[in-house]
Amino acid sequence: MLAINRIALVSFHFAEYIVNLALALSEKANVLLILYQDNVNDELGADWLNKTQKPGLEIVILTRPRRSVRSTIKNANQLIKAIQQFAPDVIHYQEGPQDSLMLSLPFLTKIPSLLTIHDPKPHSGQDAKELSRFTFFRMIMRRTVDVAITHGNIMATELTNMYPRLGNKVWSIAHGPLGAGFDGTVALRPEGCRLLFFGRIHAYKGLVYFIESVITLRDKGYPVIGVVAGQGTDLEPHRQRMTDAGCFEIIDKYIAAEDIPGLFLDSLITVLPYTDGTQSGVAAMALSFGRPVVASEVGSIPELVRAGINGLLVPPRDTDQLTLALESIITDNTLWQDLANGALSLKYGELSWRAIADQTLLAYEAAMQIKSAA
Numbered sequence: 010m011l012a013i014n015r016i017a018l019v020s021f022h023f024a025e026y027i028v029n030l031a032l033a034l035s036e037k038a039n040v041l042l043i044l045y046q047d048n049v050n051d052e053l054g055a056d057w058l059n060k061t062q063k064p065g066l067e068i069v070i071l072t073r074p075r076r077s078v079r080s081t082i083k084n085a086n087q088l089i090k091a092i093q094q095f096a097p098d099v100i101h102y103q104e105g106p107q108d109s110l111m112l113s114l115p116f117l118t119k120i121p122s123l124l125t126i127h128d129p130k131p132h133s134g135q136d137a138k139e140l141s142r143f144t145f146f147r148m149i150m151r152r153t154v155d156v157a158i159t160h161g162n163i164m165a166t167e168l169t170n171m172y173p174r175l176g177n178k179v180w181s182i183a184h185g186p187l188g189a190g191f192d193g194t195v196a197l198r199p200e201g202c203r204l205l206f207f208g209r210i211h212a213y214k215g216l217v218y219f220i221e222s223v224i225t226l227r228d229k230g231y232p233v234i235g236v237v238a239g240q241g242t243d244l245e246p247h248r249q250r251m252t253d254a255g256c257f258e259i260i261d262k263y264i265a266a267e268d269i270p271g272l273f274l275d276s277l278i279t280v281l282p283y284t285d286g287t288q289s290g291v292a293a294m295a296l297s298f299g300r301p302v303v304a305s306e307v308g309s310i311p312e313l314v315r316a317g318i319n320g321l322l323v324p325p326r327d328t329d330q331l332t333l334a335l336e337s338i339i340t341d342n343t344l345w346q347d348l349a350n351g352a353l354s355l356k357y358g359e360l361s362w363r364a365i366a367d368q369t370l371l372a373y374e375a376a377m378q379i380k381s382a383a
């Protein structure tokens with residue numbers, strides 16, 4: 010077994026994910042965590058740093074560069090200097106193409122590297138409209154790292170098909186729970202019957218199917234309220250339908266970190282009627298707050314939403330099956346309790362950040378072996 014004493018984590022996106030991973034890894038090794046200020050403040054709140062101080066964890070906070078060559082070069086220099094001074098055994102990047110990151114890569118090639126790829130292919134709709142240079146950046150990083158990590162076996166297979174060079178260098182490691190504010194081990198059923206649709210609202214999230222299911226349940230006599238929380242291009246086309254129905258609460262804004270616990274804990278079920286997808290940070294949040302999930306069986310979501318364990322799965326674009334699944338949980342308190350407690354069991358067990366850190370350390374060893382053999 011190779012000794013891994015120093016780990017550099019670089020993430021200009023997915024701040025909450027990488028902070029949780031860094032905290033868990035810092036129990037095993039010295040960790041350097043490099044973040045963008047705006048991203049981490051958005052995802053964790055302005056006081057996040059006070060909650061993250063820990064022996065073995067060094068944090069470097071960068072300011073996102075302005076749209077100028079000078080600020081981009083300055084940012085790249087800061088990144089290179091921080092990593093070289095820390096002298097890590099491995100560098101672990103979270104995929105999120107940035108000009109300054111690409112400028113830094115040629116100066117760090119001797120260090121074994123890993124890349125967590127949250128979405129092998131862009132989601133349909135808005136996510137697919139990416140600047141061409143960022144598409145090129147993704148390709149470069151995926152071709153040059155020693156090991157790639159995805160959040161599910163289906164995604165790992167998809168990535169390998171896209172980049173045969175990666176071959177057996179792709180590791181499937183689960184997505185850990187997201188969201189702070191609930192540390193209980195037993196879930197308590199909330200009052201009311203609020204169904205939560207949360208996050209970026211783009212076409213692939215399937216808002217239309219959520220709306221029709223909520224309206225159908227209301228017509229059947231259930232006192233459901235559909236809570237639609239977030240912003241995105243698919244909200245406006247459906248706003249009037251929700252307003253006319255009179256059984257929706259629309260929270261049309263970016264949801265601040267401090268508002269997230271209340272949304273999940275006040276909701277009976279989290280609903281993910283995706284038409285396509287890979288994995289889901291929303292499902293990871295539901296896990297953290299002990300909330301059952303009803304989700305479409307797409308991508309690697311079934312590896313996080315376990316049928317009969319912490320949620321129910323339905324075919325995508327199937328309003329009837331979505332409605333039946335929601336109805337079964339609404340009407341069966343025992344089922345709700347079993348799924349909610351199942352979520353917490355996964356949170357503190359198989360899908361805990363400590364368990365994920367242990368698996369990630371094995372991937373680091375593989376990257377070091379690959380680099381040494383090159």
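Position 345 (the sequence shown) corresponds to 354 in our numbering; numbering is contiguous.
Just so it is clear, CB atoms sit at the ideal spot from N, CA and C, and this is done for glycine as well.
Per the C-alpha coordinates, the member of His127, Tyr263, Ile260 and Leu296 positioned closest to Leu277 is Leu296. Residue nearest to Asn48 within the set Asn342, Gly308, Tyr263 and Gly358 is Tyr263 (criterion: CA-CA distance).
Exclusion of the five residues before and after Ala33 leaves Trp362, Arg363 and Ala366 as the residues of its chain whose Cβ lies within less than 6 Å of its Cβ. Beta-bridge annotation (DSSP): Glu258 is paired with Val236.
In the DSSP assignment, Gly320 forms a beta bridge with Val302 and Ala316. A check of alpha carbon separations from Ile259 across Thr144, His247 and Ala265 identifies His247 as the nearest. The three-state secondary structure of His160, taken from DSSP, is coil. Listed in chain order, the non-local C-beta contacts of Gln346 below 8 Å within the same chain comprise Ala196 and Arg198, local neighbours out to five positions each way being set aside. In the displayed model, Ala212 falls within a helix according to three-state DSSP. Cβ atoms of Ile220 and Asp243 stay farther apart than 8 Å, at about 11 Å.
Cβ-Cβ distances below 8 Å link Met294 to Pro186, Leu187, Gly188, Phe207, Ile269, Phe273 and Thr279 in the same chain, with the five nearest sequence neighbours on each side left out; the list follows chain order. Looking from the CA of Ala254, the closest CA among Ala238, Val223 and Val19 belongs to Val223. An exposed status is given to Gly176, since fewer than 16 other beta-carbon atoms sit within 10 Å of its beta-carbon. If you draw a 10 Å sphere on the C-beta of Gln288, you find 16 or more other C-beta atoms in it, and that means buried. Using a Cβ distance threshold of 8 Å, Leu335 and Leu205 do not count as a contacting pair.
A distance below 8 Å separates the beta carbons of Val303 and Gly320. The region 83-101 makes no contact with the region 49-59, as fewer than three CB pairs between them are under 8 Å.
When C-alpha distances from Asp329 are compared across Leu124, His127, Leu226 and Glu25, the shortest belongs to Leu226.
Between the alpha carbons of Ser337 and Leu344 lies a gap of roughly 8 Å. Of the candidates Asp275, Phe116, Ala292 and Pro106, the residue whose Cα lies closest to the Cα of Thr125 is Pro106.
Look at Gln288 here: in three-state DSSP terms it is coil, with no helix or strand label.
Taking a contact to require three or more Cβ pairs closer than 8 Å, the region 141-151 and the region 102-117 qualify as touching. DSSP links Val179 through a beta bridge to Ala157.
Gly161 has its alpha-carbon roughly 26 Å from the corresponding atom of Asp98. In the DSSP assignment, Ser122 falls within the beta strand (DSSP E) that extends over Ser122 to Thr125.
Of the other Cβ atoms in all chains shown, fewer than 16 fall within 10 Å of the Cβ of Glu267; this residue is therefore exposed. Contact check for Gly286 against Leu353 fails: the beta carbons are separated by 8 Å or more. In the three-state reduction of the DSSP assignment, Glu200 falls in the coil class. Under a 10 Å Cβ-count criterion, Asp261 is classified as exposed, with fewer than 16 other Cβ atoms of the shown protein chains found around its own Cβ. For Glu52, the enclosing alpha helix (DSSP H) stretches over residues Gln46 to Leu53. Thr194 and Glu359 have their C-alpha atoms spaced approximately 15 Å apart. For Arg15, the enclosing beta strand (DSSP E) covers residues Arg15 to Ser20.
Per DSSP, the continuous alpha helix (DSSP H) segment holding Ile82 begins and ends at Val78 to Phe95. In this structure Ala12 is exposed. Its beta-carbon is surrounded by fewer than 16 other beta-carbon atoms within 10 angstroms.
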